[in-house]
Amino acid sequence: EPEVTQTPSHQVTQMGQEVILRCVPISNHLYFYWYRQILGQKVEFLVSFYNNEISEKSEIFDDQFSVERPDGSNFTLKIRSTKLEDSAMYFCASSEAGRVGSPLHFGNGTRLTVT
Amino acid sequence: RKEVEQDPGPFNVPEGATVAFNCTYSNSASQSFFWYRQDCRKEPKLLMSVYSSGNEDGRFTAQLNRASQYISLLIRDSKLSDSATYLCVVKWEYGNKLVFGAGTILRVKS
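Protein chains in written order, with the numbering used here: chain A, 1 to 115; chain G, 1 to 110.
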């Protein structure tokens with residue numbers, strides 16, 4: 001079964017540093033997403049991406065965050081200047097279509113630890 | 001009021017038991033509904049979509065009550081491997097994002 005893959009599985013960085021989290025969505029999927037989950041809390045939406053542009057973003061997704069699809073397969077999340085509170089599990093997801101009823105398929109996540 | 005509300009549990013049940021989880025959502029314009037399962041420190045995995053007429057997948061049955069803005073999941077003949085956090089997830093009519101509940105913890109014991 002096709003999968004969403006994420007790298008790295010764990011990233012440790014110092015406060016103020018830039019990090020890039022990488023994802024390879026399922027190949028025939030058109031919609032891409034980033035979610036995050038702070039330890040012990042619920043999964044939160046960050047951003048959705050379609051047709052090479054952001055289609056929706058949450059209030060969490062401020063100016064320090066950006067997303068990019070640099071080629072035909074990768075989808076990246078960049079955090080420009082990390083803060084302690086950015087420590088979380090970051091999940092990439094993709095869906096075949098944006099239509100109602102189309103489920104999201106999640107990657108196995110990148111655990112980001114900011115020290 | 002939370003957008004998607006679930007009883008956090010934990011529900012501790014013996015193997016073979018039947019257990020039911022409930023979920024309420026606040027946005028009446030919500031259009032799609034799902035149950036996801038999440039194991040500790042792992043990604044959410046789609047368990048099943050929830051359809052208006054109700055639907056069943058093996059030991060799992062999902063129901064939707066739009067009038068009451070209420071979703072349920074019934075697990076019959078619980079297995080040890082069913083132990084996980086069950087996430088109620090709603091997609092609004094506009095936009096593509098999923099809104100997650102905080103999850104209900106299920107522990108099945110032998």
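Beta carbons are placed, not taken as given, at the ideal position from N, Cα and C, and that holds for glycine.
Quiz item: Would you call M15/A buried or exposed, if buried means 16 or more other Cβ atoms sit within 10 Å of its Cβ?
Solution: exposed
Exercise. Give me the Cβ distance between G107/A and E43/G, rounded to the nearest whole Å; I'm assuming they're in contact under 8 Å.
Key: 6 Å
Quiz item: With a Cβ-Cβ cutoff of 8 Å, do N22/G and S72/G count as a contact?
Solution: yes
Quiz item: Beta-carbon separation of S94/A and S102/A under 8 Å?
Solution: no
Self-check item: Proximity winner among C92/A, I60/A, R69/A, relative to K83/A (alpha-carbon distances)
Solution: I60/A
Practice problem: Check each residue of the stretch 101-115 of chain A: if its Cβ is closer than 9 Å to any Cβ of chain G, include it; give the result in chain order. | Solution: G101, S102, P103, L104, H105, F106, G107, N108, G109, R111
Exercise. Please name the residues in the stretch 86-107 of chain G whose beta-carbon is closer than 8 Å to at least one beta-carbon of chain A, in chain order.
Key: L87, K91, E93, G95, N96, K97, L98, V99, F100, G101, A102, G103
Quiz prompt | DSSP state of L84/A mapped onto helix, strand, coil | solution = helix
Quiz item: Applying a beta-carbon distance threshold of less than 9 Å, which residues of chain A neighbour L73/G?
Solution: Within 9 Å Cβ-Cβ: nothing; L73/G doesn't reach chain A, min ~15 Å.
Quiz item: Is F45/A closer than 8 Å to S58/A when the C-beta atoms are compared?
Solution: yes
Exercise. Determine the burial state of V12/A: buried for a count of at least 16 other Cβ atoms within 10 Å of its Cβ, exposed for fewer.
Key: exposed
Quiz item: Does any residue of chain G bring its CB to less than 8 Å from the CB of E59/A?
Solution: no
Exercise. Using a Cβ-Cβ cut-off of less than 9 Å, give me the residues of the stretch 3-18 of chain G that come near chain A, in sequence order.
Key: V4
Quiz item: Within the 8 Å Cβ cut-off, does K79/G reach chain A?
Solution: no
Quiz item: Nearest to S68/G by CA position, among S52/G, R41/G, E56/G, is which residue?
Solution: S52/G
Quiz item: Between the C-alpha atoms of I38/A and D39/G, what's the straight-line distance to the nearest angstrom?
Solution: 15 Å
Quiz item: chain A partners of L46/G, CB-CB under 9 Å?
Solution: P103, L104, H105, F106
Quiz item: Looking at the C-beta of F91/A, does it have a partner C-beta in chain G at a distance below 8 Å?
Solution: yes
Quiz item: Can you tell which of D71/A, P70/A, Q6/A, R80/A has the C-alpha that lies nearest to the C-alpha of Y35/A?
Solution: Q6/A
Self-check item: Where the beta strand (DSSP E) containing V89/G begins and where it ends
Solution: 84-92
Self-check item: Nearest-angstrom beta carbon gap, L98/G and V113/G [assumed within contact, 8 Å]
Solution: The requested residue 113/G does not occur in the structure, where chain G is confined to residues 1 to 110.
Practice problem: Return the Cβ separation of Y31/A and C92/A in integer angstroms, given the expectation that the two are a contact with Cβ distance under 8 Å. | Solution: That belief does not hold up - the Cβ atoms of Y31/A and C92/A are roughly 12 Å apart, past 8 Å.
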